[in-house]
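So the sequence shown is numbered by numbering that gives the first Met the number 0: it starts at 0 and just counts up by one.
Just so it is clear, CB atoms sit at the ideal spot from N, CA and C, and this is done for glycine as well.
All values derive from a computational prediction rather than experimental measurement.
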Amino acid sequence: MHQPLDPSALAQLFTQARTFSTWQDRAVPVELLHQLYELTKYAPTSANSSPARFVFIHSPEAKAKLKPALAEGNIDKTMTAPVTVIVAADYTFYEQLPQLFPHTDARAWFVGNEALIHTTAFRNSSLQGAYLIMAARALGLDTGAMSGFNNTLLDETFFAGTAIKSNFLINLGYGDARKLHERHPRLAFEYAAQII
């Protein structure tokens, strides 16, 4: 039987976690990125399709390639983040289904069905990206998710000649809490949820 996490763990993952825009000058080891993926890969996805592809922008050269695709307001926060993750989706994810979902011919559900391919790739890569945020927090990293960039330019730069397309970006590192704004309010249960 699983037990609820203690309050300090819940605070780290949820109530005290923040979206960071400024970063400490502290590197994120490559080994930690491998550990991060090893947790993220367990995200639930439709038919275990796992369409997300993650590019960890870690080197100065890779950051320089990324910079032209960023919206102006996201340049500083991204260039100073130790790592930026491109959360992308492989729109030929279904080719891996014989390995990932072997008990039935799930590949046949997708071949030629562009609407289902798009919906599944986008929805599930988003879910995997959210899992990456939670896994990063669990490993002691801070995150800053973003959607302010030129998808077309980014895809031409990093995914030319493939069926992979960018979804969103996540800056990773150790946030500088001195630069945080006050937390914005959230919607009350009564407004955003219902039990029926």
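| Check | Outcome |
| --- | --- |
| So, are the CB atoms of A87 and I163 less than 7 Å apart? | yes |
| Who are G174's beta bridge partners in DSSP? | W22 |
| DSSP puts I56 in a beta bridge; with which residues? | T83 |
| First and last residue of the alpha helix (DSSP H) that includes G128? | E113 to A137 |
| Give me, in chain order, the residues of the same chain whose beta-carbon lies closer than 7 Å to that of P97; leave out the 5 immediate sequence neighbours on both sides. | R106 |
| Are the CB atoms of A51 and S165 nearer to each other than 7 Å? | no |
| Quick one: grab the DSSP three-state call for T44. | coil |
| Reducing DSSP to helix, strand and coil, say where G160 ends up. | coil |
| From the DSSP secondary-structure annotation, give me the bridge partner or partners of S7. | Paired residue(s): none; S7 is not in a bridge. |
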